[in-house]
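Here is the structure we will look at, set down as structure tokens.
Number of protein chains: 2
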Amino acid sequence: MSENDSCIIRHLRHYADLSDSDEALLDSLEREPREVERGEALWQTDDPAGRFCTLSKGWAYSFRDMEDGSRQILEIYLPGDIIGLREFAFQERLAGVMMIDDGVVCDFPHRRLLEVFRESFTLSMIFFALSSQQQALLTERLVNLARRSARQKVAHLIYEMYLRLQRTMPYATRRFRLPLSQQQLGDALGLTSVHISRTLSGFREDGLLIRERQWVELLDPDAVASEAEFAGRYLRDGLGPISGE
Amino acid sequence: MSENDSCIIRHLRHYADLSDSDEALLDSLEREPREVERGEALWQTDDPAGRFCTLSKGWAYSFRDMEDGSRQILEIYLPGDIIGLREFAFQERLAGVMMIDDGVVCDFPHRRLLEVFRESFTLSMIFFALSSQQQALLTERLVNLARRSARQKVAHLIYEMYLRLQRTMPYATRRFRLPLSQQQLGDALGLTSVHISRTLSGFREDGLLIRERQWVELLDPDAVASEAEFAGRYLRDGLGPISGE
DNA sequence: CGTGCGGTTGAGGAAGGTCAATATGTGTGG
DNA sequence: CCACACATATTGACCTTCCTCAACCGCACG
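So the protein lines, in turn, are chains A and B. So the first sequence is numbered by this note's numbering: it starts at -9 and just counts up by one. So the second sequence is numbered by this note's numbering: it starts at -9 and just counts up by one.
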């Protein structure tokens, strides 16, 4: 309602109408904001898992380190995202989470989510919907990693970030900040940083996009989308059942 | 309680104690069992999505067909699994689902899940936990596809199926039926059927496992697990929050 | 003004794909 | 019980994509 609504309330409001008590419940999830620094780990694999985290400022990613020393980035989180839903059913973290930028997070224990389930039918559904949406994101990532060429992988990741940023930022432009190193892009896509470099050079030569420092400029967004065979269904969260009630 | 409990009740009961009314609710999800044939599609990508499906008999898989004609298998479902949780937040199917064997499924509309949310706190949590578990499965699959060699991918899939079967079947043995063709194994792992064939031959030569027809025999399960760098955390669903309440 | 991290470029190599020919079944109808 | 058709698996030769290793550049920061 007011200007200073929390990030998560703004985020969830577009799924369904929230009652005042719903908003109060959500507000209680963000009681203790905590500043975190770029490069700081929120937790590591195998840490005990008993809390979630809302990301109210900054970027983060979850990852798994492999035996051979390589790292797989699983998910990239933007402000408004809830981190750690994955581990609700587990005792230990299945992946680490690291801040990409300086930011602000709010922890809340699993117990608090149970209260939400107990007290708000609407929020129960929204959280369930969020979880199923994260499944959809993971699914798309899986397809991207398993079936596409390096060019397609890179184009897909960049275009997905472009769309996701448009949802949260009012008027995102074709030029946006993507604070991931080429090493990190490689870690997310199962490619080496060397190959990321070559691929980005290729895109520049082909007039598709320009990558400079931490910035991306899409010269031809449609061409990027088609290069990636991008099908954005998985980002269009209809949430029919709730609005349809 | 009784012998003829539905598959899903048996499946969910090991997450938490279910009250009689919980069981009645669950029972209502399996009101209309339907026989389906091997090779039959439960639905296709882009079909309207408004229902879930419990698989009470047979195997199934979800998949995405790519523009180049290849197919990515996303998830393999065993009896007791719920199919379609992924699309709760969406209007359309994000993936098709196909029966591997003849089997029996029970459809129920999203609406019915909302009733569950409204009426049972315990079941709300269990369903949320199921969703987060499916996320964990997907995550593991993603890591498998992005970071591992062909040998590791195949070993990992086979070992995962071995463990998952042990959970449902009372005493699964080292020899079990895996009703997937080499083509389908390839579709699941992002490999060609040709390479699956070579990889399986390699395993046989190395004395790790024997694949014959639809059967797998693990000659040395530990060696298979270690070849796959298998870390089974993601299958050990502690579900602390619920039992801890 | 070094020092170090992130990015670029080149040469050579390995994992897995493609294409195609050849088994090996498996099921069906005669 | 056999014959044929069709799906599934095996094997070989060759090719493409991406990796590895290594040198080098350049900007940022102390």
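Positions of the beta carbon are idealized from the N, C-alpha and C atoms, including for glycine. All values derive from a computational prediction rather than experimental measurement.
With a cut-off of 8 Å on the beta carbons, I'd call ILE116(B) and TYR5(B) a contact; round off their distance for me. Between TYR5(B) and ILE116(B) the Cβ distance is about 5 Å, and since that is below 8 Å, they are a contact.
With respect to the beta strand (DSSP E) encompassing LEU199(A), which residues constitute its N-terminal and C-terminal limits? Element bounds for LEU199(A): 199 to 202.
Using 8 Å as the threshold, is the C-beta distance between LEU118(A) and PHE42(B) below it? Leu is not the amino acid found at residue 118(A); the sequence shown has Phe there. The answer is no: Cβ separation not under 8 Å.
My understanding is that THR44(B) touches VAL95(B), with C-beta atoms under 8 Å, so please give their C-beta distance in whole angstroms. With 8 Å as the limit, THR44(B) and VAL95(B) qualify as a contact, their Cβ atoms being about 7 Å apart.
What does the Cβ neighbour count give for SER9(B), buried or exposed, with the cut at 16 atoms within 10 Å? In summary, SER9(B) is exposed, with fewer than 16 beta-carbon neighbours lying within 10 Å of its beta-carbon over all protein chains present.
Short of 8 Å Cβ to Cβ, which residues in the region 191 to 225 of chain A face chain B? Flagged, chain order: GLU219, ARG223, TYR224.
Say whether chain A places a C-beta atom closer than 8 Å to the C-beta of ALA136(B). At a cut-off of 8 Å between beta carbons, ALA136(B) contacts chain A.
Member of TYR224(B), GLU150(B), ARG21(B), SER139(B) whose CA lies at the smallest distance from the CA of SER46(B): Of TYR224(B), GLU150(B), ARG21(B), SER139(B), the residue nearest in Cα terms is ARG21(B).
If the cut is a Cβ gap below 7 Å, which residues of chain B does LEU84(A) touch? At a C-beta separation below 7 Å, LEU84(A) has these neighbours in chain B: ALA126, THR129, ARG223, TYR224.
For the alpha helix (DSSP H) that contains GLY192(B), what are its first and last residues? In this chain, the alpha helix (DSSP H) harbouring GLY192(B) covers 183 to 195.
So, at 6 Å on beta carbons, what are the nonlocal neighbours of SER52(B) in its own chain, with the 5 sequence-adjacent residues on each side left out? The answer, listed in chain order, is LEU64, GLU65, ALA85, VAL87.
Note down, in chain order, every chain B residue with its Cβ under 7 Å from the Cβ of MET56(A). By Cβ distance, chain B contributes ARG137.
CB contact below 8 Å: GLY48(B) versus chain A: Between GLY48(B) and chain A, the shortest Cβ-Cβ separation is not below 8 Å.
DSSP beta-bridge partners of MET115(B): By DSSP's assignment, MET115(B) forms no beta bridge with any residue.
Which of helix, strand or coil does DSSP assign to ARG54(B)? In this structure, ARG54(B) counts as strand in the three-state DSSP scheme.
Within this structure, are the beta carbons of ASP212(A) and LEU198(A) separated by less than 8 Å? Not closer than 8 Å, so no.
Using a Cβ-Cβ cut-off of 6 Å (strictly less than) and excluding sequence neighbours within five positions of ILE186(B), which residues of its own chain qualify? Excluding positions up to five away in sequence, the list reads GLN172, LEU175, GLY176.
List the whole-angstrom C-beta distance separating ASP92(B) from ARG28(B), where the pair is believed to meet the contact cut-off of C-beta under 8 Å. Going by Cβ atoms, the distance from ASP92(B) to ARG28(B) rounds to 5 Å, so yes, they are a contact pair.
Secondary structure at GLY222(B), three-state DSSP: helix, strand or coil? In the three-state scheme derived from DSSP, where H, G and I count as helix and E and B as strand, GLY222(B) is classed as helix.
Name, going along the chain, the residues of the region 67 to 96 of chain A whose beta-carbon falls closer than 8 Å to a beta-carbon of chain B. From the region 67 to 96 of chain A, only LEU75, ARG76, GLU77, PHE78, ALA79, PHE80, GLN81, GLU82, LEU84, ALA85 have a Cβ closer than 8 Å to chain B.
Here's the rule: buried if 16 or more other CB atoms are within 10 angstroms of the residue's CB, otherwise exposed. What is ILE(-1)(A)? Its Cβ being crowded by 16 or more others within 10 Å, ILE(-1)(A) is buried.
Look at the alpha carbon of ALA31(A) and the alpha carbon of TYR152(A), and state the distance between them as a whole number of angstroms. In a straight line, the C-alpha of ALA31(A) is about 25 Å away from that of TYR152(A).
List the DSSP bridge partners of PHE42(B). The partner list for PHE42(B) (beta bridge, DSSP) reads PHE98(B).
Consider the Cβ of ALA6(B): report whether some Cβ of chain A lies at a distance smaller than 8 Å. Residue contact with chain A for ALA6(B): absent (no Cβ-Cβ distance below 8 Å to any residue of chain A).
Would you call the region 105 to 114 of chain A and the region 123 to 139 of chain A in contact, with 3 or more CB pairs under 8 Å? No, the region 105 to 114 of chain A is not in contact with the region 123 to 139 of chain A.
Can you tell me which of the three DSSP states PHE80(A) falls into? Here PHE80(A) sits in coil by DSSP.
State the Cα-Cα distance for the pair GLU(-7)(A) and HIS146(B), rounded to the nearest angstrom. The predicted model places GLU(-7)(A) with a pLDDT of 45, which falls under 50 and marks its position as unreliable; any figure quoted below should be read in that light. In a straight line, the C-alpha of GLU(-7)(A) is about 50 Å away from that of HIS146(B).
Whose C-alpha, out of VAL214(B), TRP33(B), GLY59(B), LEU181(B), is nearest the C-alpha of TYR149(B)? Measuring from the Cα of TYR149(B), the nearest candidate turns out to be VAL214(B).
Please report how far the alpha carbon of ASP196(B) lies from the alpha carbon of GLU202(B), in whole angstroms. Approximately 16 Å, taken between the alpha carbons.
Cβ of LEU225(B) within 8 Å of Cβ of ARG154(B)? In this structure, the beta-carbon distance from LEU225(B) to ARG154(B) falls below 8 Å.
Is the CB-CB distance between ARG223(B) and GLN62(A) below 8 Å? No; because the gap between Cβ atoms is not below 8 Å, this pair is not in contact.
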